[in-house]
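Student:
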Amino acid sequence: MRSALRNCLLAAAALSLSAVAQNTDDESQLVGNWRGESKCTGARSACHDETVVYHIAELSGKPGWMSVSADKIVNGEPVNMGTLQFQYDAPNHTLTCEYAQGVWRLKIDGLNMEGTLTLTDKTVGRQVKLKKE
23 MRSALRNCLL AAAALSLSAV AQNTDDESQL VGNWRGESKC TGARSACHDE
73 TVVYHIAELS GKPGWMSVSA DKIVNGEPVN MGTLQFQYDA PNHTLTCEYA
123 QGVWRLKIDG LNMEGTLTLT DKTVGRQVKL KKE
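My numbering runs 22 ahead of the 1-based position in the sequence shown.
1. Report all residues from its chain with a CB closer than 7 angstroms to the CB of V101; omit the five preceding and five following residues, and keep chain order.
2. Does the structure place the region 128 to 137 close enough to the region 109 to 118 that three or more beta carbon pairs sit under 8 angstroms?
3. Would you call the region 79 to 89 and the region 55 to 68 touching, i.e. three or more CB-CB distances under 8 angstroms?
4. Could you spell out the range, first to last residue, of the beta strand (DSSP E) harbouring D93?
5. Alpha carbon to alpha carbon, what distance is there between L152 and L139?
6. Please classify T46 as buried or exposed, where buried requires at least 16 other C-beta atoms within 10 Å of its C-beta.
7. What is the DSSP secondary structure of T142, counted as helix, strand or coil?
8. Within its chain, find whatever has a CB closer than 6 angstroms to the CB of Q44; leave out the 5 residues flanking it on each side and keep chain order.
9. From D48 to M135, what does the alpha carbon distance come to, in whole angstroms?
10. Please list, in chain order, all residues of the same chain as Y121 whose beta carbon is under 8 angstroms from its beta carbon, the five residues on each side excluded.
This is how it looks when you write it as structure tokens:
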């Protein structure tokens, strides 16, 4: 009986460690540069479609959070648009950031990432499609 209990506890511990390793692996897979398009939706005269590069890094001391620095490409040169902190939901493979302009929701599928910026008025302001470089 003790042997069965010990084996069960060891198996549970191994599964728990595996889940932690999987989350870490998921996060490390996000790190790097993601290039693609950011398209305007709706009729906003100030909005322009852009080629973008997102630079994703883990946030030191904040497990489950990523730093995303975004560049738009203008005349072949990167122009930084700022850096935001995104929370990573490993089971759903999503990054989410709530900030003054709205909510970014990005879905990761292997080397592809797609998502939207939903503005504070609840309309979708941008759609992005990126590939990991």
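Think of the CB as a built atom: it goes at the ideal place given N, C-alpha and C, for glycine as much as any other residue.
Note that the coordinates shown come from a computational prediction; the quantities given were computed from them, not determined experimentally.
Tutor: Based on what the coordinates show:
1. D93, K94
2. yes
3. no
4. 87 to 96
5. 14 angstroms
6. Bear in mind that the predicted position of T46 carries a pLDDT of just 42, short of 50, making it unreliable; the figure below should be weighed with that in mind. By the neighbour-count rule (16 or more Cβ atoms within 10 Å), T46 is not buried but exposed.
7. coil
8. Because the pLDDT at Q44 is just 40, under 50, the model does not fix this residue reliably, and the point stays unresolved.
9. 13 angstroms
10. L106
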